[in-house]
Amino acid sequence: MKKLILFMALITFAATSCQNEGKPTPLAIDNALTAAEIEAGILSPEVMWKMGRVGSSSLSPDGTQVAYTVTYYNMAENRGVTSIYVQPIEGGEPRQLTDNAGNDVSPQWAADSRSIFFLSNRSGSMQIWNVTTADAMLRQVSNIEGDIEAFGIAPTGEKVYYIQPVHVKDILSKDVYEDMDKSKARIYDDLMARHWSYWDEGDYRHIFVADFDATAGISNPIDIIGSEAAWDTPLAPYFDAAEIAWNNAGTALAYTCKPLTGTEYAVSTDSDVYVYDLESGKTRNICKGYFVGEEPVEDPRLRIMPAMGGYDKYPVWSPNDSQ
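Residues 16 to 338 in my numbering are what the sequence shown lists, from first letter to last.
Written out as structure tokens, the structure reads:
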């Protein structure tokens, strides 16, 4: 599932629903079929727009409940809203845990299966929130500058990774020339200028690892990709959070990366899986067998995957974290 694609689509809806202060306006949803629609029995476009779109899902650690998102649309307002629902595995009626005051996406269960962490723009920017499953009590957890595009809490509950865009290069003319703030031009002297449906404007998704507390929030973030890295992790153009995975001990983070720039980046499909070790702060390429930042001499002892020249993606740890 392309989780971040769904997330970026929801950002678009959120942008259209914002008030002047940036907080989204609650959206009324009425998806009941009219008497005429029921009598006609036709699957018309209007009927289809009343249907909910199921998005991402997450199974509770105790295996008794599933949380998932549903997006509904208001045709008159020309926008939609996404909320989180929970339902017992053995069946029964689903319960809506979050209201329609913002877009609530990417549910992730707390270790005790009593609450769910998720991303929401209800505060005006995309932040990590928490909702209890028993009484649907909402609480904002993070409050950092800018939007969080994806996140993952370590199994220990003490660390979190999150994705944010980082401005690395001045490509927009208004960034290069301060007196041209209304200019919409872009300045390129190398590839890659455009990737499918979007322009490279000098901002790249980076992974941050930080201390995490369910009450105090996020602290001491580290950009593990590097503040000057002019490439995206997760990979463009999907920016899929499934390319990132904590190990079971919560001591290392695996992710997919293609650390290339310019024409070299544009013509290459050679992405690798990297592992960031929290204790040492070192990053290892486990496909080619070397530590990032050191002379890239391949060492078979550092390689736990066969060397391949194409896409190496979607890491999943073994139960004992050995591979």
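We treat Cβ as the ideally placed atom computed from N, Cα and C, and that holds for glycine.
- With respect to Val181, Tyr219 sits close: the two C-beta atoms are nearer than 7 Å.
- With contacts defined by Cβ atoms closer than 7 Å, Ala82 and Pro122 form a contacting pair.
- For the pair Gln102 and Asp114, the Cα-to-Cα distance works out to about 16 Å.
- With 16 or more neighbouring CB atoms inside 10 Å of its own CB, Arg137 falls in the buried class.
- If the five residues before and after Val307 are omitted, its C-beta is found closer than 6 Å to the C-beta atoms of Thr298, all from its own chain and listed in chain order.
- For Val288, there is no enclosing alpha helix (DSSP H); the enclosing beta strand (DSSP E) covers residues 287-292.
- If you draw a 10 Å sphere on the C-beta of Pro60, you find fewer than 16 other C-beta atoms in it, and that means exposed.
- Measuring C-alpha to C-alpha distances from Asp226 to each of Ser157, Trp211, Pro76 identifies Ser157 as the nearest.
- As for any alpha helix (DSSP H) of minimum length 4 sitting wholly inside the segment 174-236, the runs are 188-191, ordered along the chain.
- In this structure, the straight-line span from the alpha carbon of Tyr203 to that of Gly78 is close to 51 Å.
- With a threshold of 16 other beta carbon atoms within 10 Å, Asn145 meets it and is buried.
- Between Ser128 and Ser71, the gap from beta carbon to beta carbon reaches 7 Å or more.
- The beta-carbon separation of Glu164 and Phe254, rounded to 7 Å, stays under the 8 Å limit for a contact.
- For Ala50, the enclosing alpha helix (DSSP H) stretches over residues 50-55.
- Under DSSP, Ser73 shares a beta bridge with Ala82.
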